[in-house]
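Participant:
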Amino acid sequence: MKKILVIEDTQNVRENICEILESEDYEVFASENGKSGVEMSKNIQPDLVLCDIMMPGMDGYEVLTEMRKDVITSTVPFIFLTAKNTRENQRLGMELGADDYITKPFTVEDLLNSVATRLKRAEEFKEESEKKLNELTQNLGAPITQVISEPLRAILGFSKMLMTEYNSMEKFEMAEFNSLIYKAGMKLNTVVKKSFMFYQLQSLAYDNESLKKLKEEKTSDIKTLTENIANEIAINNKRQDDFMINIENASLKIPSKYYLEILHEIIENAIIFSPKRSVIHIIGGVEDGQYALTIRDEGMGMTKDQISHIGAFQKFNKDLNENSGVGLGLINTKSILNLFNGNMVIKSILGIETTVRITFPLA
């Protein structure tokens, strides 16, 4: 049974709406003011909200704003009840995230049609999202097996040779085999970590309580954190002299675990796909009320078509295929940003440069 929350300060209107909806077997909850309506929406998690605009205290626009801020109610379909449906009202409501308007006085048919339409669209959206997730997770099996099998074969093959040919091997040969086994193990470790992160993020998108708690965390002292990670990655890849870093300090509304995941992914990609002794620029600062982090490399670049098709396990050419492994890094980055209200824009000139601009909400 679908749950509908009615927020209306006029008693007879509120009672009439509830009676109409209950006659159609909806489970109906009612609130006489905006403040209690917002609290009820968090507790009952309705499938749809009907809300009057003009109310004393907290009006309908404020109710919608508060609901859209909370991860639990941010996607609940929202219909305004209004005595006058002007363009200005519509524009403001749509900007805030309203789904529809019903103008008073309205007929029973108008009310039920609007409610049914919005519930149907919400259900279709949910089904489509779940379908895409299922398709993606089902398609993960083969590519993961393929990518894992390469380093796994190397580990098994080289270790077997060490075991069987140990007595006849020179020390330098054993050292070389050990090095190859280690490199294959590190590659396998990266594949597994990114795969686990992918599934964790997909699960988190449907876990409102956990996501709500995570959204309360923040990452502080961005300047020191970003500089330390960038220098660490540069040293590990023997690219210390290739980095130009200019970071403004700030605190961000994202757990440090996920900020570091994004940072590692974008910087490592910049290193992988740019030649040594080419410059990698890392710039961060506050812009238009957000924190913008820009990472630009002078590497192989991508076409517009390649950028538009960035997704799990997609490979664009031989060089990218050899270096990217499982290819989940960017899809994980996009998922993290979607969960924590960030954004990523990639611009590239093939054969010249790639610029990744990421924005985060400020704490």
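Quick note: the sequence shown, position 312, residue 293 per the numbering used here, numbers continuous. We put the beta carbon where it would ideally sit given N, CA and C, even for glycine.
1) Taking the alpha carbon of Val57 as the point to measure from, which residue in Asn14, Glu0, Ile34 and Leu(-14) has its own alpha carbon closest?
2) Which value, in whole angstroms, describes the spacing of the CA atoms of Met39 and Asn217?
3) Would you decide whether Thr284 is buried or exposed? Buried here means 16 or more other CB atoms lie within 10 Å of its CB.
4) Taking 9 Å as the cut-off, decide whether the C-beta atoms of Ile226 and Leu92 are in contact.
5) Let's test the definition: count the other Cβ atoms within 10 Å of the Cβ of Thr63 and tell me whether it reaches 16, buried, or not, exposed.
6) According to DSSP, is Asp222 helix, strand or coil?
7) Please state whether the Cβ-Cβ distance between Gln263 and Pro342 is less than 9 Å.
8) From Ala135 to Val326, what does the alpha carbon distance come to, in whole angstroms?
9) Tell me whether Ser201 sits in a helix, a strand or coil according to DSSP, three-state version.
10) Output needed for Met178: all residues of its chain with C-beta closer than 6 Å, excluding positions within five of it in sequence on either side, in chain order.
11) Within a Cβ cutoff of 6 Å, which residues of the same chain sit near Met337, ignoring the five residues on either side of it in sequence?
12) On the three-state DSSP scale, how would you describe Met150?
13) Nearest-angstrom Cα distance between Ile330 and Ile261?
14) Going by Cα to Cα distance, which pick from Leu309, Val19 and Gly280 is closest to Ile252?
15) Which stretch, first to last residue, makes up the alpha helix (DSSP H) that contains Tyr187?
16) Decide if Leu137 is buried, meaning its Cβ has at least 16 other Cβ atoms within 10 Å, or exposed.
17) Restricting to Cα atoms, I'd like to know which of Asn212, Phe139 and Lys315 is closest to Ser289.
18) State the CB to CB distance for the pair Ser176 and Leu309, rounded to an integer number of angstroms; the pair is presumed to be in contact (CB under 8 Å).
19) Pair every Cβ in the region 191 to 210 with every Cβ in the region 143 to 150, then say whether three or more of these pairs are closer than 8 Å.
20) In chain order, what residues of the same chain have a beta carbon less than 8 Å from the beta carbon of Leu169, not counting five sequence neighbours either side?
21) From Tyr239, Glu334, Asp286 and Ile333, pick the residue whose C-alpha is nearest to that of Gly323; which is it?
22) Nearest-angstrom Cα distance between Leu2 and Glu8?
23) Taking Arg277 as part of the beta strand (DSSP E), name the residues at either end of that continuous run.
24) Taking 9 Å as the cut-off, decide whether the C-beta atoms of Leu45 and Phe59 are in contact.
25) Quick check on Gly15: does DSSP put it in helix, strand or coil?
26) Find out if the Cβ-Cβ distance for the pair Asp(-10), Glu13 is shorter than 9 Å.
27) According to DSSP, simplified to helix, strand and coil, what is Lys196?
28) Would you list the one or two residues that DSSP bridges to Tyr82?
29) Would you tell me roughly how many angstroms separate the C-alpha atoms of Leu185 and Ala156, rounded to the nearest one?
30) Can you tell me the Cβ-Cβ gap for Gly41 and Asp51, rounded? I've got them flagged as a contact below 8 Å.
31) Decide if Gly332 is buried, meaning its Cβ has at least 16 other Cβ atoms within 10 Å, or exposed.
32) Strictly by DSSP, which residues pair up with Thr(-9)?
33) How about Ser232 and Ala79: are their beta carbons less than 9 Å apart?
34) Smallest Cα separation from Ser4: which of Ile(-12), Val19, Met150 and Lys(-17)?
35) Measuring straight from C-alpha to C-alpha, what distance separates Ser347 and Asp278?
36) Measure the alpha-carbon distance for Gly15 versus Ile25 and round it to whole angstroms.
Facilitator: Concretely, from the data shown:
1) Leu(-14)
2) 55 Å
3) exposed
4) no
5) buried
6) helix
7) It should be pointed out that residue 263 corresponds to Ile in this sequence rather than to Gln. No. Outside cutoff.
8) Rounded to whole angstroms, Ala135 and Val326 show a C-alpha spacing of 37 Å.
9) It is coil, neither helix nor strand.
10) For Met178, same chain residues with a beta-carbon under 6 Å away, outside a window of 5 residues either side, are Asn313 in chain order.
11) In the sequence as displayed, the identity of residue 337 is Val instead of Met. Here the set comprises Ile247, Ile276 and Ile327.
12) coil
13) 15 Å
14) Gly280
15) Looking at the DSSP string, Tyr187 is not in any alpha helix (DSSP H), and its letter there is neither H nor E.
16) Leu137 comes out exposed.
17) Lys315
18) Yes, Ser176 and Leu309 are in contact; Cβ-Cβ is about 6 Å, under 8 Å.
19) no
20) Ile129, Pro132, Leu133 and Ile136
21) Tyr239
22) Straight-line spacing of the CA atoms in Leu2 and Glu8 works out to 8 Å.
23) Gln271 to Asp278
24) Yes. Within cutoff.
25) helix
26) yes
27) coil
28) Phe61
29) 43 Å
30) Taking C-beta atoms under 8 Å as the contact rule, Gly41 and Asp51 fail to qualify, at a distance of about 16 Å.
31) exposed
32) The partner list for Thr(-9) (beta bridge, DSSP) is empty, contrary to what the question assumes.
33) no
34) Comparing Cα-Cα distances from Ser4 to each of Ile(-12), Val19, Met150 and Lys(-17), the minimum goes to Lys(-17).
35) Within the shown structure, residues of the chain are numbered from -18 to 344, placing residue 347 beyond reach of any answer.
36) If I take the Cα positions, the gap works out to 15 Å.
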